[in-house]
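J.:
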Amino acid sequence: MVMVRLPDGNEIEHCDGVTALDVIREIGPGLARAAVAAKLDGNVVDLTATLNGDSVNLQAITAADPAALPLMRHSCAHVMAEAICSLWPQTRLVYGPTVEDGFYYDIDLDHGLSPADFEQIEARMTQIVKEDRPFTRYELSRSEAMTRLESEGNPYKVDNAERAEGDSLSFYVTGARDSGCWEDLCRGPHVPSTARIGAFKIMRVAGAYWHGDASKAKLQRVYGTAWATKKDLNRYLHRLEEAKKRDHRKIGRELGLFAFDPLVGSGLVLWKPRGAVIRYTLEQFIRGELLRRGYQPVYTPQIGRLELYRKSGHFPYYKDSQYPPLFESDRARELNVLWELAWASNSDQAVPAEIELFDRLAVSHEDLRKAGYPAGEAVDARLKRIGSWLAQEDGYLLRPMNCPHHIQIYKSERRSYRDLPVRLAEFGTVYRYEQSGEVGGLTRVRGFTQDDAHIFCTPEQLHDEIAGCMDEARVGLGVVGLNDYRVRVGLRDETSSKWVGTAKNWELAQVAILEAVRASGMAYTEEVGEAAFYGPKVDFIVKDCIGREWQLGTVQVDYNLPERFELSYVGDDNAAHRPIMVHRAPFGSMERFIGILIEHFAGAFPLWLSPIQVTVCSVSEKSAGYALEVYKACRDGGLRMEYDTSDDRIGAKIRRATMMKVPYVLVIGEQEMSAQTVNVRTREGKQLGSCTLPEFLAACAAEIATHGETTSAEIGRGSAPSERQV
RNA sequence: GCCGAUGUAGCUCAAUGGUAGAGCACGGCUUUCGUAAAGCCGAGGUUGUGGGUUCGACUCCCACCAUCGGCUCCA
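In our numbering, the protein residues as written are 764 to 1489.
1. Which whole-angstrom value is the C-beta distance of V1301 and T1288, which I expect to be below 8 Å?
2. Apart from the five residues just before and just after A831, which ones in its own chain have a Cβ nearer than 8 Å to its Cβ?
3. Taking Cβ positions, are V1379 and L1429 nearer each other than 7 Å?
4. Do P1426 and L1370 have their CB atoms nearer than 7 Å?
5. By the 10 Å Cβ neighbour count, where 16 or more other Cβ atoms means buried, how is Q1059 classified, buried or exposed?
6. Please name the residue, chosen from R1056, A1116, A924, Q1085, that lies closest to I1066 on a Cα-to-Cα basis.
7. What is the rounded straight-line gap between the Cα of D873 and the Cα of A980?
8. Around the C-beta of H1001, are 16 or more other C-beta atoms found within 10 angstroms, so that it is buried, or is it exposed?
9. For R735 and V1126, what's the separation of their Cα atoms in angstroms?
10. Grab the span of the alpha helix (DSSP H) containing M1344 for me, first residue to last.
11. So what's I1309 in DSSP terms, helix, strand or just coil?
12. Would you report the Cα separation of E776 and E882, rounded to the nearest angstrom?
13. Using a Cβ distance threshold of 8 Å, determine whether the stretch 968-978 contacts the stretch 833-849, with at least three qualifying pairs required.
14. Per DSSP, which residues does P1060 bridge with? Please list them.
15. Near R1096, which residues of its chain fall below 6 Å by C-beta distance, leaving aside the five closest residues on each side in sequence?
16. When burial is assigned at 16 or more other CB atoms within 10 Å of the CB, is T910 buried or exposed?
17. Alpha carbon to alpha carbon, how far is T1408 from V1250? Give it in angstroms, no decimals.
18. When the Cα atoms are used, what is the spatial distance from S838 to K993?
19. Within the same chain, show all residues whose beta-carbon is closer than 6 Å to that of H1363, passing over the 5 residues directly before and after it, in chain order.
20. CB-CB under 6 Å to Q1213, same chain, minus the five flanking residues each way: which ones, in chain order?
21. DSSP three-state label for A798, please.
22. Using alpha carbons as the reference points, say which of D1111, R905, V1320, V1305 lies closest to S1355.
23. Between which two residues does the beta strand (DSSP E) holding F1211 run?
24. If you reduce the DSSP assignment to three classes, tell me which class R1181 lands in.
25. Contact check, G1210 vs L1069 under 8 Å by CB: the rounded distance?
26. Over what stretch of residues does the beta strand (DSSP E) that includes M766 continue unbroken?
27. Would you list the residues sitting across from C1454 in a DSSP beta bridge?
28. Going by beta-carbon coordinates alone, are T1063 and H1217 separated by less than 7 Å?
29. Ends of the alpha helix (DSSP H) at L1054?
30. Quick one, are the C-beta atoms of D1335 and Y1173 less than 7 Å apart?
31. Alpha carbon to alpha carbon, what distance is there between A1387 and S1482?
32. Cutting at 6 Å between CB atoms, please list the residues of its own chain near T1455, excluding the five before and the five after it.
33. Within 10 angstroms of its Cβ, does Q890 collect 16 or more other Cβ (buried), or is it exposed?
34. Assign R1446 to one of three DSSP states: helix, strand, or coil.
35. Could you check what DSSP says for N997 in three-state terms: helix, strand or coil?
36. Considering only their Cβ atoms, is the gap separating G1452 from I1014 smaller than 7 Å?
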């Protein structure tokens, strides 16, 4: 016997082997009709699951339950897969999970699916749903299941089965068992029948790799969404439409903030005046913070010798995402290829391609011929030799990051422990040749400016420095009200070979960063494998309007570059010590940060950041002169102004300014002219009434100085519209 | 880089292989108006670029460029 405990506290005794549905039916036939699954001791299971053991907590899950949605979506994925298989029988299924707001199914199919096929697939799905076929679960022992899957010749499913845990594997038939209906290896659970699937829609098809590995098979990933009701689906689709309206690419064009031009290059931002002023204002804000926190501004070039980046390890480690180096001569270019070949060989013996290239070079270059190639020497020796030939004609790299330059500034003088921490800050523009499929908007670009700084400190200072950087990011994000972010601590994956430096230093860095993050009191997640290649990091991650996550601010601890560049300071013991570096950029890049900011505000920037802060609109020709006076006075007062004295009606002028998201419109008519006031209207459509120009300027100044903590409510505290004489 | 889609006036979108069109924006004129769109007229295009098929291509085919959605990558 099993004692079944219900959510209301009631207990019912049942025979072993009773199903969840049996119990629910006993509670009430209405509930049984509404139920799509059950929760047994917190685990979601099929309604047909049997109850065993001494006692169990049971809860019915109805379609209205939030837990029902993923379940139903997964069932919908099965129906979609069946539909695709029936239309293209050669389809081989791979993997079909539930994701946020929907599901997808990876398939291997020679016919490339396109949106034109969606209608057909959806029609077939609708038919399957209408057939009201039960999802029937059955289990096979692992060996039986494997034998069967192998005989079906679908390597993906065999792989899935191999990865599944447990002694037996479950299958789901969309229909009665042995009915010949479509079935799939699946852990479940599912809704009771296809008729319980609500409103669905196939959204898109995209490429994907098996196991996410670019060297593996290319698959097609078909995305769908499913909701309990048609109304919910429509609400979701509407939500997507609304999100699109906030898209920074759209708003950026509409408000004239920035542009891209194929002639300039993909992923290279042209900041137009109205966008540039946002960036300029943010940079001014950051500069103030930097000085207050003891940073020293520096300027360094946007280009550097290739040798610099060989030393830092960035070249050729990140070669594929760098713009190609600039070489003065073909010889230098070829010698660099030779260097890369030797580097890649990483062996004590030159590889044939290496020797072949050298021999070819030696034909036309006597000095090389004389010197000969040290083919039998260790790779470091060969690299050094090639480096010596390259020294006089080294190539240059458009800088992919700022740290090497800042390191060289650190190295330009002898440092004492009394000087530390040294904090060097620069809005450093860097160039990275991002993969073509990745470039888009302001969030992923090929040239961008980091609000970068590098801190060189002693081990004793490290904790406080990291904590200070965390605080900078917190304050920076807070000042623009960007509080919906998550904090990720990226740690090293010890099984990967992608890291430089010693295990000991990694351990020190990871401990330091975790201690500082814990001390900050911020919630965070630890993610193994998300470290930078030279050290662990803390990232501040936000989502854009269509749900994609972007890393903004970052704090990275680095023991490795100081080693590579042999950095030192003189300690109080008069001996040389190695400083530790902290890389930090609280906003990440100005481009990405502003992109996210545009979406965060939907283009309606707070007054201090607004490209145009106030537009002066004349009611008619009679007040145009006074409107211009007001405009000039405001501009003299430091506000970013526009005026509109065109012969349109006042409504049209207000509409234009409002659509450009200008925070305040000053309506200037004959009344204002005679009273020497301004009439204030917000972009939200509120009429704040009239006040004098000095009053308005003072209110704006206060709103700007406090970054919006005092608001428009302070402005126009003269007569309210209702009290005004008209 | 990979898979798929898209590319027509500044913007948003039309146009069976048969003379490229609309709204908004823009320019001119009329109008001088009180809180989200006054009226009339006008200009605006080698249909992303380059090839091909065809008597004829915005339309069909190929390549490249760019954009969009994913995958992979992200110092």
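Glycine residues also receive a C-beta, built at the ideal position from the N, C-alpha and C atoms.
T.: Judging by the given coordinates:
1. Counting from 1 along the first sequence, the entry for residue 1301 is found at position 538. Counting from 1 along the first sequence, the entry for residue 1288 is found at position 525. The beta-carbon distance between V1301 and T1288, rounded to whole angstroms, is 11 Å. This is too long to meet the 8 Å contact definition.
2. By 1-based counting over the first sequence, the position of residue 831 is 68. Answer for A831: V799, A800, I824, T825, V954, A991, listed in chain order.
3. Locating residue 1379 in the first sequence gives position 616, where the first residue counts as 1. Locating residue 1429 in the first sequence gives position 666, where the first residue counts as 1. Against a cut-off of 7 Å, the Cβ pair of L1429 and V1379 comes out as a contact.
4. In the first sequence, the residue the question calls residue 1426 occupies position 663. In the first sequence, the residue the question calls residue 1370 occupies position 607. Contact: yes.
5. As a working mapping, residue 1059 is identified with position 296 in the first sequence. The residue is exposed, with fewer than 16 neighbouring Cβ atoms inside 10 Å.
6. For this step, residue 1066 is matched to residue 303 along the first sequence. When only C-alpha atoms are compared, the closest one is Q1085.
7. What you label residue 873 is simply residue 110 of the first sequence in a count that begins at 1. What you label residue 980 is simply residue 217 of the first sequence in a count that begins at 1. Cα to Cα, D873 sits roughly 12 Å from A980.
8. Taking the first sequence and counting its residues from 1, the one referred to as residue 1001 is at position 238. Its Cβ having fewer than 16 others within 10 Å, H1001 is exposed.
9. Not covered by the structure: residue 735. The range shown for the chain is 764 to 1489.
10. For this step, residue 1344 is matched to residue 581 along the first sequence. Note, M1344: premise wrong, no alpha helix (DSSP H); beta strand (DSSP E) at 1343-1348.
11. Reading the first sequence from its first residue, position 546 is the one you call residue 1309. Here I1309 sits in coil by DSSP.
12. Stepping through the first sequence from its first residue, residue 776 is reached at position 13. Stepping through the first sequence from its first residue, residue 882 is reached at position 119. If I take the Cα positions, the gap works out to 49 Å.
13. no
14. Taking the first residue of the first sequence as position 1, residue 1060 is located at position 297. A1188.
15. Position 333 of the first sequence, counted from the first residue, corresponds to residue 1096. Within the same chain, R1096 has close Cβ partners F1090.
16. Against the first sequence, residue 910 aligns to sequence position 147. It counts as exposed.
17. In the first sequence, the residue the question calls residue 1250 occupies position 487. In the first sequence, the residue the question calls residue 1408 occupies position 645. Straight-line Cα distance between these residues: approximately 49 Å.
18. As a position in the first sequence, residue 838 is number 75, starting the count at 1. As a position in the first sequence, residue 993 is number 230, starting the count at 1. Taking the straight line from one Cα to the other gives about 17 Å.
19. The count along the first sequence starts at 1 and reaches residue 1363 at position 600. The residues are L1245.
20. Taking the first residue of the first sequence as position 1, residue 1213 is located at position 450. The residues are G1191, A1348, S1352.
21. As a first step, residue 798 must be located in the first sequence, where it is residue number 35. It is a strand residue.
22. The count along the first sequence starts at 1 and reaches residue 1355 at position 592. Checking the displayed sequence, the identity of residue 1355 turns out to be Arg instead of Ser. Looking at the Cα atoms, V1305 is the closest of the given residues.
23. Within the first sequence, the letter at position 448 stands for residue 1211. Unbroken beta strand (DSSP E) run through F1211: 1210-1220.
24. On the first sequence, residue 1181 is found 418 positions in, with the first residue counted as 1. R1181: coil per DSSP, three-state reduction.
25. To locate residue 1210, count along the first sequence from 1; it is residue 447. To locate residue 1069, count along the first sequence from 1; it is residue 306. Contact flag wrong, Cβ pair sits at about 19 Å.
26. As a first step, residue 766 is located in the first sequence; it is residue number 3 there, counting from the start. Looking at the DSSP string, the run of the beta strand (DSSP E) that includes M766 is 765-768.
27. For the purposes of this step, residue 1454 is taken as the residue at position 691 of the first sequence. Residue pairing of C1454 in beta bridges, as defined by DSSP: V1441.
28. Indexing the first sequence from 1 puts residue 1063 at position 300. Indexing the first sequence from 1 puts residue 1217 at position 454. Cβ atoms of T1063 and H1217: not closer than 7 Å.
29. Sequence index remark: in the first sequence, residue 1054 carries index 291 (1-based). From DSSP, the alpha helix (DSSP H) with L1054 extends over 1036-1055.
30. Taking the first sequence and counting its residues from 1, one reaches residue 1335 at position 572. Taking the first sequence and counting its residues from 1, one reaches residue 1173 at position 410. Not a contact, by the Cβ cut-off of 7 Å.
31. Stepping through the first sequence from its first residue, residue 1482 is reached at position 719. Stepping through the first sequence from its first residue, residue 1387 is reached at position 624. Note on S1482: pLDDT 44, under 50, position unreliable in the model; the coordinate value appears next. Between S1482 and A1387, the C-alpha separation is close to 23 Å.
32. Start at 1 with the first residue of the first sequence, and residue 1455 comes out as number 692. Result list for T1455: T1440, in chain order.
33. One-based indexing of the first sequence puts residue 890 at position 127. Burial call: exposed.
34. Numbered from its first residue, the first sequence carries residue 1446 at position 683. Coil, per DSSP.
35. Locating residue 997 in the first sequence gives position 234, where the first residue counts as 1. Three-state DSSP puts N997 in a helix.
36. Here residue 1014 refers to the residue found at position 251 of the first sequence. Here residue 1452 refers to the residue found at position 689 of the first sequence. No, the pair does not count as a contact, with Cβ atoms beyond the cut-off.
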